[in-house]
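Notes to accompany the following structure.
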Amino acid sequence: MNVRIVDTAEDVAAAAAERVAHAVTARPGVVLGLPTGRTPVATYAALRQKTLDWSRVRTFNLDELVGVAAADPRSYRSFMHEHLFDAVNLPPAHVQFLDGTASDLAAECRRYEAAIAAAGGIDLLLCGVGLNGHLAFNEPGPSLVARTHVESLHAATREANAGAFGGRVSAVPDRALTIGMGTLLGARRILLLATGAAKAGVVAAALRGPLTTELPASWLQVHPAVDVLLDREAAGAVAP
Ligand code: GLP
1 MNVRIVDTAE DVAAAAAERV AHAVTARPGV VLGLPTGRTP VATYAALRQK
51 TLDWSRVRTF NLDELVGVAA ADPRSYRSFM HEHLFDAVNL PPAHVQFLDG
101 TASDLAAECR RYEAAIAAAG GIDLLLCGVG LNGHLAFNEP GPSLVARTHV
151 ESLHAATREA NAGAFGGRVS AVPDRALTIG MGTLLGARRI LLLATGAAKA
201 GVVAAALRGP LTTELPASWL QVHPAVDVLL DREAAGAVAP
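Start counting the sequence shown at 1; every next residue gets the next number (the working numbering).
So this is what it looks like as C-alpha cells:
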C-alpha cells in the first residue's frame, strides 16, 4: 500500500480531489466507485472547484440504506447530488445507485453486480473506513460476503449515521445494500481516505494488522494498487 500522510483534513481532500481529477483527465470514460460519509465531503467540495469534463465519467456508489427512497433527502443518492453531482456535467444516465426500496433486494444486488461488470469494472474506487473497520457497509463479523448484498448494520454504524435522522439511532435503517468485499477489491485502484484522531486505531489495524474478517479494511492489504491518504491525526498510530 502506498501511504501518504499530509497535515490536515483539507490537505487530504485536496490530494484526493487531485487524484480523481487526474483519473478523469487521463481517462475521460473512467468508472468511479464513490462513497458517502463525512470523510469525502471536503473531497467533493474540492472537486467542485475544479474544471473537469464529467460527460463520459460513470459512477457507482458503494452502498445505500434499505427503505430510504432515492428522492429522500437522507438517501445516499441525495447526498451525492448535494455534494457533487448537481455541480458537475455528469449525465444522469451515467450515475448508478443501489435502490434501497427495491421490492426484491436480492435481485437489485444482482442487477448492480451485472451493471458494474457491464461497465468494465470500477477503475478508481474511493472509500472511507468505519470506526469498526467496515468498508462501504461490509461490517466486521465471522465471515464477509464477496458480492453485492444486504447487510445488517451494527449498532455503532447506525449511531454514526444518526445525524441524518435527527440524531435518533432507532430511526436509522438496520439494513443496507452494499457492494461486497470482492466487488470492492475488484476495483483496479482504491483510494482510502481517513481523517481525524478517532480513526487512528482502525487505520493502524487496517494497514499493519493481521487480515481478519473482524476488520474488513484489513483486506485492503491484499490489493495490488491501494493509495491511502491520511491526515496527521488519522495516521497517529501507524508505525513509520
Ligand atoms: C458509512 C459508509 C462508509 C463510510 C463510513 C465512514 O456509514 N457506509 O462508506 O466510509 O461509514 O463514515 P465517515 O466518513 O462519516 O467516518
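We treat Cβ as the ideally placed atom computed from N, Cα and C, and that holds for glycine.
Residue i vs residue j beta-carbon contact at 8 Å
i	j	result
Ala176	Leu105	no
Leu184	Leu126	no
Ser152	Asp174	yes
Arg57	Leu32	Reading the sequence as shown, one finds Val at residue 57 and not Arg. Cβ distance < 8 Å, so Val57 and Leu32 count as in contact.
Ala146	Thr101	no
Proximity test, residue i beta-carbon vs ligand 1 heavy atom, cut-off 7 Å
i	result
Arg158	no
Val203	no
Leu215	no
Ala9	no
Val129	yes
Ala136	yes
Thr43	no
Gly37	yes
Asp63	yes
Asn161	yes
Cut-off 6 Å between Cβ atoms - residues of its own chain near residue i, not counting five sequence neighbours on either side
i	result
Glu233	Gly196, Ala197
Ala21	Lys50, Leu52
Val3	Val228
CB contact check: residue i to chain D, cutoff 8 Å
i	result
Gln49	The chain labelled as chain D is not found in the depicted structure, where only one protein chain is given.
Cβ-based neighbour list, residue i, same chain, cut-off 8 Å, excluding 5 preceding and 5 following
i	result
Thr43	Val12, Ala13, Ala16, Ala17, Val20, Leu126, Leu193
Ser218	Gly133, Ala205, Ala206, Gly209, Pro210, Leu211, Thr212
Query raised in the report: For the 8 Å Cβ check, are there 3 or more pairs between the region 215-226 and the region 158-165?
Result: Flag = no, the region 215-226 and the region 158-165 do not touch.
**Report entry** Segments assigned beta strand (DSSP E), at least 3 residues, entirely inside the region 37-92
**Finding:** With a minimum length of 3 residues, the continuous beta strand (DSSP E) runs that stay inside the region 37-92 are 58-61, 63-65.
Requested in this report: Only counting runs of 4 or more residues, tell me where the alpha helix (DSSP H) segments fall wholly within the region 91-131, in order along the chain.
Outcome: Listed in chain order, the complete alpha helix (DSSP H) runs (minimum 4 residues) inside the region 91-131 are 105-118.
Report task. Determine contact between the region 191-204 and the region 138-148, defined as no fewer than three beta-carbon pairs at a distance below 8 Å. Result -> Using a Cβ-Cβ distance cut-off of 8 Å, the region 191-204 and the region 138-148 are not in contact, since fewer than three pairs of beta carbons, one from each stretch, lie closer than that value.
Report task. Pair every Cβ in the region 73-83 with every Cβ in the region 110-124, then say whether three or more of these pairs are closer than 8 Å. Result -> Between the region 73-83 and the region 110-124 there are fewer than three C-beta pairs closer than 8 Å, too few to call the two in contact.
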